[in-house]
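Here the sequence shown stands for residues 1 to 306, numbered as in the UniProt record's numbering.
For every residue, glycine included, the Cβ atom is placed at its ideal position computed from N, Cα and C.
Please read the structure below before turning to the comments.
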Amino acid sequence: MVFSTIHSSQAALSAVAASWCRSALHHGLDPARSLRGERLEAAELQRRLASHGDLLAVAEPVLDRLYAQVGLTGCCVIMADSEGVILQERKSAADAPFFESSGLVSGSNWSEASEGTNGIGTCLVEARPVTIQRHEHFSARNIAVSCMDAPIFDPAGRLAGALDVSSARADHGDGMASLIGALVQDAARHIERDYFCRHYSGRRIVLAAGARGQALLAVDRDGLVVGATRAARLLYHLGNEVDLAPRPLDDLIGGAAGYESSERATLRQALARSGGNVAAAAKLLGIGRATFYRRMERAGLDLSQE
């Protein structure tokens, strides 16, 4: 079925078939291959866990809550990094042998390049929520599970990993998958929000209206936006740069920021609007360059530190 679909017109219409094409034609995988990829050595897994310390700190309580919701239905909860390596999992003692034999254990690589079409790997490639039912997996060795996944983006809007719920139940159909998928997406957005707030713990966090709680902005004491979630970057067309160029919050949300005016804030916002050019900033304020520098000195502003 996999190869017949790959060479048919369906490959251009179905997201699963497109993933099958990537698995076979780009990665050169064989759907009948029974051997699984090797797990990471313990030292390498520990290195990855350490490098994702902030993410895991906010994710762990969310993983626990999600497992409490789905664990008794024959599901395990998995957190993978952006390369598809499983960092943590939650599963019952009764279901553990099944999931371990299926390769759903910490240190295993579930990227598309390694396992073909699967919830974790395909979610990371697509950068969107996906559900891969049992028969939709590329490799025959993976058709015993169904997977519901959602991507997680870091405070700079980059893909950080995937949150996965895998089901061992053969009777979990489309309705159950849809319900679990909604829980996974909600949990992933919760992790993103807490990750962003942890990263910008010293900043004021502003929620953009009408963005389902995901468009968050980090604002400094002078009313300049210094951070934005992926949803906020898309909403306000802020680009993909890791370090945002500071810009006045009022410019983004139409003057509804509610910040008190101050000399320091006025000067910094003028500099932000002029791209750091002092002459242009002074012109915006209707003053001379020398006056702008004197006001900077009184406000304690140092361009070399901004």
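Three-state secondary structure (DSSP) at G103?
-> Along the sequence shown, one-based indexing puts residue 103 at 103. In this structure, G103 counts as coil in the three-state DSSP scheme.
Which listed residue (R268, P31 and A150) has its alpha carbon closest to that of L124 = The sequence position of residue 124 within the sequence shown is 124, counting from 1. Here the closest residue by C-alpha is A150.
So G227 is in the alpha helix (DSSP H); what residue range does that whole segment cover?
-> The residue you call residue 227 lines up with position 227 of the sequence shown. It is not in any alpha helix (DSSP H) - G227 instead sits in the beta strand (DSSP E) that spans L224 to A228.
Exposure of H237, with buried meaning 16 or more beta-carbon neighbours within 10 Å | As a working note, residue 237 is residue 237 in the sequence shown. Answer is exposed; the Cβ neighbour count stays below 16.
Of the listed residues S178, C75, V105 and A113, nearest to R39 (C-alpha basis) | Counted from its first residue, the sequence shown places residue 39 at position 39. In this structure, V105 is the residue among S178, C75, V105 and A113 with its C-alpha nearest to the C-alpha of R39.
Buried/exposed call for S201, threshold 16 Cβ in 10 Å = Within the sequence shown, the letter at position 201 stands for residue 201. In the assembly as shown, S201 is an exposed residue. Its beta-carbon has fewer than 16 other beta-carbons within 10 Å.
Per DSSP, L159 forms a beta bridge with which residues?
-> Locating residue 159 in the sequence shown gives position 159, where the first residue counts as 1. The partner list for L159 (beta bridge, DSSP) reads F153.
Residue from L87, H199, V70 and A281 with nearest C-alpha to H172 | Translated into the one-based positions of the sequence shown, residue 172 becomes position 172. Per the Cα distances, V70.
Below 8 Å between beta carbons: does that hold for A265 and D222?
-> On the sequence shown, position 265 is the one that residue 265 refers to. On the sequence shown, position 222 is the one that residue 222 refers to. Taking 8 Å as the Cβ cut-off, A265 and D222 qualify as a contacting pair.
Pick out the complete alpha helix (DSSP H) segments inside the UniProt domain "GAF" (54 to 188), 4 residues or longer, and give them in chain order.
-> Counting whole runs of 4 or more residues, the UniProt domain "GAF" (54 to 188) contains the alpha helix (DSSP H) stretches 96 to 101, 112 to 115 and 119 to 126.
Sequence-distant residues of its chain with Cβ nearer than 8 Å to D81 (five each side left out) = Translated into positions along the sequence shown, residue 81 becomes position 81. Setting aside the 5 residues that flank it on each side, D81 is surrounded in the same chain by R48, H52, L87, A160 and G161, each with a C-beta closer than 8 Å to its C-beta; the list follows chain order.
Taking just the CA atoms, how far does A208 sit from A256?
-> The residue given as residue 256 occupies position 256 in the sequence shown. The residue given as residue 208 occupies position 208 in the sequence shown. In this prediction, A256 has a pLDDT of 45, which is less than 50 and means its spatial position is unreliable; nothing more can be read from the coordinates.
Under the assumption that S14 contacts T122 (Cβ atoms under 8 Å), give the Cβ distance between them as a whole number of angstroms.
-> Within the sequence shown, residue 14 is the residue found at index 14, counting from 1. Within the sequence shown, residue 122 is the residue found at index 122, counting from 1. Not really, about 12 Å apart at Cβ, beyond 8 Å.
Just curious, the beta strand (DSSP E) that A206 is in, first and last residue?
-> Mapped onto the sequence shown, residue 206 falls at position 206. Correcting the residue type first, residue 206 is Val in the shown sequence and not Ala. R204 to L207 is the extent of the beta strand (DSSP E) around V206.
Locate the beta strand (DSSP E) running through L271, then write down its first and last residues.
-> Along the sequence shown, one-based indexing puts residue 271 at 271. Taken as a continuous stretch (DSSP letters only), L271 belongs to no beta strand (DSSP E), being part of the alpha helix (DSSP H) at E263 to R273.
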